[in-house]
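K.L.:
What follows is a single structure, and I will ask about it in a moment.
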Amino acid sequence: MSSVAAIADVIEAFERQGFKFVGKTEDGWFKLRGPLIPCGAVDGIPCEVQLDPAFFDLPRIRLLEIPPELPKAVPHLGADGSLCYLAKGTVVLDIYDPVGQSLACLQRAAAVLGRILKGEMIEDLAEEFFAYWSGWLCFVDMQGEDLGRQNCIVAQAHGNPLWFITDNEERTTKKLHSLGYQVTDRTVLTYRVKTTAQPRPLTSHWPPETVGDVLTWQSTLDPRCRRKIHERIKEGQSKRANGVLIVIESPLMTYGFVVLFDHQPLTHKAKLADRRDSTFGLKVMPVSVIRIDDRYLAQRNIPNLRTLAGKRIAVVGCGTIGGYLSDMLVKAGAGTCGGKLTLVDFDALLPQNIGRHRLGFPDLLSNKAEAMARELKRLSPGAEVHALPVDVRQAQLGKLDLLIDATGEESLGHWLCGRYRAPTPMLSVWIEGPGTAVRALLRTTALGACYRCLWHSHRRSELRSTVDALPNILAGHGCEGLYVPFPASVSVQAASLGADMALDWINGVHSPALRTRLIDQTHQLATSDCDPQRDRDCPLCNS
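By the count of the UniProt record's numbering, the sequence shown reaches residue 543 at its end, each step adding exactly one.
Below, the structure written as structure tokens:
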């Protein structure tokens with residue numbers, strides 16, 4: 001069925017429901033108007049339905065008249081009458097049944113509206129609170145578990161104020177500069193207030209415009225919280241601060257508001273009036289509190305696992321594997337919360353490297369470690385990333401929690417095993433053949449195999465990655481220009497394997513210590529993931 005025919009059929013089906021086609025929106029959606037009849041009701045409420053011509057997106061439904069009996073804040077209904085009847089992504093529309101799917105959406109909207117009119121979805125207001133709060137943004141950059149002692153930096157973006165709560169102004173200022181925000185000299189006092197009540201908008205007067213409105217609202221949620229808020233505002237006023245930022249921590253979310261003070265010189269006639277509390281009439285600015293601390297950014301995608309925050313990690317080799325791997329490590333928390341990520345590489349980025357490297361043309365001829373450190377600091381200004389542009393054999397790495405060999409150079413890997421012995425944990429990551437497989441080995445104790453042990457095992461045809469011998473493919477011209485060809489996707493898979501094993505290590509999962517991911521499916525895997533013991537012939541492990 002053509003899209004034109006499908007649209008015609010859907011419009012005809014809606015006309016049978018009392019709707020009339022009235023034109024198109026600016027983005028090309030079809031508009032129809034008619035009655036939305038709530039479940040159990042006889043009369044309908046005038047609404048507008050907008051249909052996606054391709055039927056990929058949910059129809060947009062907006063009430064043209066909001067029933068007068070509804071309070072100002074109700075769940076799933078926006079200020080402009082837009083009705084949220086289904087969360088995007090919770091259903092998949094059948095593009096081959098546009099009529100049935102579109103009518104089903106209309107029926108769902110009618111059911112939701114019916115429940116709203118009956119007051120049956122009032123608890124949903126707490127879940128949708130920020131849709132009704134809709135204030136300026138307040139970013140929290142606290143490395144600790146709670147707010148504790150904090151400062152507030154006021155910045156500007158496009159003329160609008162932004163608030164940044166921090167326990168380290170230097171770190172947060174770096175983040176602001178990376179965003180291009182201008183830090184102002186204005187300061188506000190920051191107070192944290194805890195409550196056991198979930199926020200829910202009032203159904204009588206919303207949103208709050210003054211301190212008095214906020215206090216009235218909070219008294220319906222948590223009277224103790226209301227008293228604390230009032231005390232903090234009066235304290236800020238008595239200290240003649242520019243303003244106060246009140247951050248309210250509820251069980252599932254944090255929100256807040258700003259009160260700015262206009263300190264006028266007192267006159268004799270105003271003294272009697274000033275004995276009364278003047279804070280009630282002060283204007284409030286709601287703010288939505290959003291965490292931007294490094295701990296949270298690394299933790300939110302792995303909520304039940306530990307991150308690499310606080311650890312001293314060194315990556316040797318910032319080439320095709322190490323570049324991608326160091327990026328993934330920072331995203332997993334490396335270099336944050338007192339930790340340190342050290343990148344070691346004496347080589348420069350050459351044109352022939354760009355095709356499969358994390359860095360690109362702007363870093364051409366730069367030292368790989370230094371360029372990679374700059375890139376990581378740009379992406380994560382709060383991370384402590386250091387570059388050592390030297391041969392690792394001349395480097396002083398100090399005490400490490402984890403050493404990662406991403407060079408792929410076998411002889412150098414053997415040297416690292418001898419120089420950094422157990423109990424220093426060492427993770428080796430490499431690519432075998434022309435992208436045939438990627439492997440990684442984690443050594444955490446003196447009983448486990450080191451990277452040199454595998455060399456002895458391979459000589460006895462043990463612990464091989466593939467059943468058949470690895471192909472020996474070289475590209476380029478002349479002895480100095482030969483290289484092993486494989487695409488950047490292989491480097492990313494090697495880096496991903498290394499990042500996964502680093503996260504396993506920090507979470508106490510050290511097995512299997514040797515892991516192989518077969519890339520070229522024309523080969524057969526020879527060794528399943530396992531825990532090899534130190535080899536009897538290894539001179540390092542048996543010295």
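No residue lacks a Cβ here, since even glycine has one placed at the ideal position from N, Cα and C.
Small disclaimer: the values here were computed from a predicted structure and weren't measured.
Within 10 Å of its beta-carbon, does A96 have 16 or more other beta-carbons around it, so buried, or fewer, so exposed?
P.N.:
The residue you call residue 96 lines up with position 96 of the sequence shown. The question names Ala, but residue 96 is Tyr in the sequence shown. By the 10 Å Cβ count, Y96 comes out exposed.
K.L.:
Just how far apart, CA to CA, sit L282 and L77?
P.N.:
Taking the first residue of the sequence shown as 1, we reach residue 282 at position 282. Taking the first residue of the sequence shown as 1, we reach residue 77 at position 77. Spanning the two alpha carbons is a distance of roughly 29 Å.
K.L.:
Taking the alpha helix (DSSP H) that F14 belongs to, which residues open and close that run?
P.N.:
To locate residue 14, count along the sequence shown from 1; it is residue 14. It spans S3 to E15 - the alpha helix (DSSP H) in which F14 sits, taken as one unbroken run.
K.L.:
Just checking my contact of A384 with K340 at CB under 8 Å: how many whole Å lie between their CB atoms?
P.N.:
Locating residue 384 in the sequence shown gives position 384, where the first residue counts as 1. Locating residue 340 in the sequence shown gives position 340, where the first residue counts as 1. Checking the sequence shown, residue 384 turns out to be Glu, not Ala. Rounded, the Cβ-Cβ distance is 5 Å, consistent with contact.
K.L.:
Quick check on V509: buried or exposed, where buried means 16 or more other Cβ atoms within 10 Å of its Cβ?
P.N.:
Counting from one through the sequence shown, the residue named residue 509 turns up at place 509. Label assigned to V509: exposed.
K.L.:
Under the three-state reduction of DSSP, which class applies to E432: helix, strand or coil?
P.N.:
Counting from 1 along the sequence shown, the entry for residue 432 is found at position 432. Note: E432 maps to strand in three-state DSSP.
K.L.:
Locate the alpha helix (DSSP H) running through W455, then write down its first and last residues.
P.N.:
For the purposes of this step, residue 455 is taken as the residue at position 455 of the sequence shown. Counting along the chain, the alpha helix (DSSP H) containing W455 begins and ends at Y451 to R459.
K.L.:
Let me check understanding here. Comparing Cα to Cα, which of G180, N151, Y181 and A157 lies closest to D167?
P.N.:
For the purposes of this step, residue 167 is identified with residue 167 of the sequence shown, where counting begins at 1. Of G180, N151, Y181 and A157, the residue nearest in Cα terms is N151.
K.L.:
Spatial neighbours of G433 within its chain, please: C-beta separation below 7 Å, excluding the five flanking residues on both sides.
P.N.:
In the sequence shown, counting from the first residue as 1, residue 433 sits at position 433. These residues qualify, in order along the chain: L470 and P471.
K.L.:
Smallest Cα separation from L260: which of S238, Q143 and S250?
P.N.:
Walking along the sequence shown from the start, residue 260 turns up at place 260. Checked all of S238, Q143 and S250; the closest Cα to L260 is S238.
K.L.:
With T184 and A155 assumed to form a contact (beta carbons below 8 Å), what rounded beta-carbon distance in angstroms separates them?
P.N.:
One-based indexing of the sequence shown puts residue 184 at position 184. One-based indexing of the sequence shown puts residue 155 at position 155. Contact flag correct, Cβ pair sits at about 6 Å.
K.L.:
Determine, for L260, whether the minimum Cβ-Cβ distance to residues of chain D falls below 8 Å.
P.N.:
Included in the structure is just one protein chain, with no chain D present.
K.L.:
Starting from the Cα of residue 575, find the closest Cα among S366, R62 and L308 and give me that residue.
P.N.:
Outside the displayed span of the chain (1 to 543) sits residue 575, for which this structure offers no information.
K.L.:
Is the number of C-beta pairs between the segment 513-527 and the segment 343-355 that are closer than 8 Å three or more?
P.N.:
Contact fails: fewer than three Cβ-Cβ distances are below 8 Å.
K.L.:
In this structure, what does DSSP give as the bridge partners for P161?
P.N.:
By one-based count along the sequence shown, residue 161 stands at place 161. Q156.
K.L.:
Going straight from the alpha carbon of L364 to that of A79, what length do you get?
P.N.:
The sequence position of residue 364 within the sequence shown is 364, counting from 1. The sequence position of residue 79 within the sequence shown is 79, counting from 1. Straight-line Cα distance between these residues: approximately 53 Å.
K.L.:
So L245 is in the beta strand (DSSP E); what residue range does that whole segment cover?
P.N.:
Against the sequence shown, residue 245 aligns to sequence position 245. Counting along the chain, the beta strand (DSSP E) containing L245 begins and ends at G243 to E249.
K.L.:
Do the segment 376-392 and the segment 421-431 touch if we need at least three Cβ pairs shorter than 8 Å?
P.N.:
The segment 376-392, when compared against the segment 421-431, does not touch it at the 8 Å Cβ threshold.
K.L.:
Go ahead and pull the three-state DSSP assignment for S82.
P.N.:
Translated into the one-based positions of the sequence shown, residue 82 becomes position 82. In this structure, S82 counts as strand in the three-state DSSP scheme.
K.L.:
Count the C-beta pairs between the segment 320-336 and the segment 409-416 that are closer than 8 Å, then say yes if the count reaches three, no if not.
P.N.:
With the cut-off at 8 Å, the segment 320-336 and the segment 409-416 do not touch.
K.L.:
Please work out which residues of its chain come closer than 6 Å, Cβ to Cβ, to Y85, disregarding the five sequence neighbours upstream and downstream, and give them in chain order.
P.N.:
Here residue 85 refers to the residue found at position 85 of the sequence shown. Here the set comprises R108, A109 and V112.
K.L.:
Measure the beta-carbon distance from A449 to D535 and round it to whole angstroms, keeping in mind my assumption that it falls under 8 Å.
P.N.:
On the sequence shown, residue 449 is found 449 positions in, with the first residue counted as 1. On the sequence shown, residue 535 is found 535 positions in, with the first residue counted as 1. Their Cβ separation, rounded to whole angstroms, is 6 Å, which keeps A449 and D535 in contact under 8 Å.
K.L.:
Which residue's Cα is closest to the Cα of P286: S528, P161 and Q182?
P.N.:
Mapped onto the sequence shown, residue 286 falls at position 286. P286 has its Cα closest to that of P161, out of S528, P161 and Q182.
K.L.:
For K377, tell me which candidate among K118, A41 and S178 has the shortest Cα-Cα distance.
P.N.:
The residue you call residue 377 lines up with position 377 of the sequence shown. For the residues K118, A41 and S178, the minimum Cα distance to K377 belongs to S178.
K.L.:
List the whole-angstrom C-beta distance separating C39 from I61, where the pair is believed to meet the contact cut-off of C-beta under 8 Å.
P.N.:
For the purposes of this step, residue 39 is identified with residue 39 of the sequence shown, where counting begins at 1. For the purposes of this step, residue 61 is identified with residue 61 of the sequence shown, where counting begins at 1. Rounded, the Cβ-Cβ distance is 15 Å, inconsistent with contact.
K.L.:
Measuring CB to CB, does K175 end up less than 8 Å from I292?
P.N.:
By one-based count along the sequence shown, residue 175 stands at place 175. By one-based count along the sequence shown, residue 292 stands at place 292. Yes, the pair counts as a contact, with Cβ atoms nearer than the cut-off.
K.L.:
Under 8 Å, do I519 and A437 count as touching if we go by C-beta distance?
P.N.:
As a position in the sequence shown, residue 519 is number 519, starting the count at 1. As a position in the sequence shown, residue 437 is number 437, starting the count at 1. Closer than 8 Å, so yes.
K.L.:
I'd like the list of long-range same chain contacts for residue 544, defined as Cβ closer than 6 Å, with 5 residues on each side in sequence excluded.
P.N.:
Since the displayed the chain opens at 1 and closes at 543, residue 544 lies outside it and no answer follows.
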